[in-house]
Structures are given as C-alpha cells and as structure tokens.
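Engineer: At position 39 of the sequence shown (counting the first as 1) the number is 51 in my numbering, and the numbers step up by one without a gap.
Think of the CB as a built atom: it goes at the ideal place given N, C-alpha and C, for glycine as much as any other residue.
Below you will find the structure I want to go over with you.
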Amino acid sequence: MSLPTDGARGQADVGRGVAEDAPVFVISVAAELAGMHAQTLRQYDRLGLVSPGRTRGGGRRYSPRDVALLREVQRLSQEDGVNLAGIKRIIDLESQVEALQQRVQELITEVELAESRAIAAESAVRAGYGRDLVPLRPATSALVVWRPRDER
13 MSLPTDGARG QADVGRGVAE DAPVFVISVA AELAGMHAQT LRQYDRLGLV
63 SPGRTRGGGR RYSPRDVALL REVQRLSQED GVNLAGIKRI IDLESQVEAL
113 QQRVQELITE VELAESRAIA AESAVRAGYG RDLVPLRPAT SALVVWRPRD
163 ER
C-alpha cells in the first residue's frame, strides 16, 4: 500500500537501511515515530488496523511500513473524520487492490511469455515445412450453394 508521509519525519527517516517489512521498533519507539500514545497502538492492534510482528515473548515489533500505516490511520481519523471501522475497510480494500494489481502484472507476464512461445513455435513450424504450407484465408460470411449437375 502506498501511504503518504505527511508527518514530522518522512518515511525515509523511519528505519533507514531497514527492510520496509522488518519488525524492528518496540511499541514506545513506533508510537513516538507515529506521533501517538503506545496505548493507541495497542488498541489499533486489537481492532486489526495494524498487525505488528511479535517476539517469542509476545512483545509487539513494528516495521517502518507499520509506522507509515499508523500515520495514515491517524490522518484519516483526524483530517478526514473517518471512523475506525471505515479506516479498517479502507485499509482492507487498498490491500485487495494492491494484491489484484500484483496478480494482473503476473498474468501479463504469463501472457507475454505464452505469446513469445507461440511465435517461436510458429516460426519453427514454418521453417520445417518451407513452402509446403499455404496460409489459410480468414473465414468469410459468404454462402456457397452447390448443386450437382443433371447427368442427361
């Protein structure tokens, strides 16, 4: 999901050199980066708005992507007046759109590969037969009626 970075710090400042999905921030640091109280992050986790990674002991670890999502939740809530249920729906729909866009790209790649294989196969067939094959004219809508001749 592409999220705006309107906060005091840009997303580039959050977790420099760290993978976007790497769960590295403890809840207090993530809360500070997102400009929220840690209890708000716990509530958002309970509601399913943000799902941070967990340590073996059950502690929450937030990634830079989670922090950006927290900022977006805050923006939608405060600036746009969207309630938390609406925000959850928006996040879910954006995730679906992202997944579908990725799938479309995968399918486009598959189609391009299939087309190139078909062209290669057609070229191989043409090369093998030389001039023995004659291209077939496209079908027409013309109707030809055949009647046998009277043999008198």
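Mark Ala80 as exposed unless 16 or more other C-beta atoms lie within 10 angstroms of its C-beta, in which case mark it buried.
Structural biologist: When all chains shown are included, Ala80 counts as buried.
Engineer: Can you round the beta-carbon distance between Arg73 and Phe37 to whole angstroms, since I take them to be within the 8 Å contact cut?
Structural biologist: The pair is a contact, with the Cβ atoms about 7 Å apart (cut-off 8 Å).
Engineer: Expressed to the nearest angstrom, what Euclidean distance is found between the alpha-carbon atoms of Gly93 and Gly71?
Structural biologist: Between Gly93 and Gly71, the C-alpha separation is close to 31 Å.
Engineer: Using C-beta distances below 7 Å, list every residue in its chain close to Met48, excluding the 5 sequence neighbours before and after it, in chain order.
Structural biologist: Excluding positions up to five away in sequence, the list reads Leu82, Gln86.
Engineer: For the alpha helix (DSSP H) containing Asp57, name the first residue and the last one.
Structural biologist: It spans 50-59 - the alpha helix (DSSP H) in which Asp57 sits, taken as one unbroken run.
Engineer: Is Gln23 helix, strand or coil by DSSP?
Structural biologist: Here the model assigns Gln23 a pLDDT of 44, short of 50, so the residue's position is not dependable and the matter cannot be decided.
Engineer: Could you tell me how far apart the beta carbons of Asp33 and Ser63 are, in whole angstroms, since I believe they sit closer than 8 Å?
Structural biologist: That pair is no contact at about 11 Å.
Engineer: With DSSP run on the structure shown, which of helix, strand or coil describes Arg101?
Structural biologist: Helix at Arg101.
Engineer: By the DSSP assignment, the alpha helix (DSSP H) with Pro76 in it spans what residues?
Structural biologist: Note, Pro76: alpha helix (DSSP H), 76-90.
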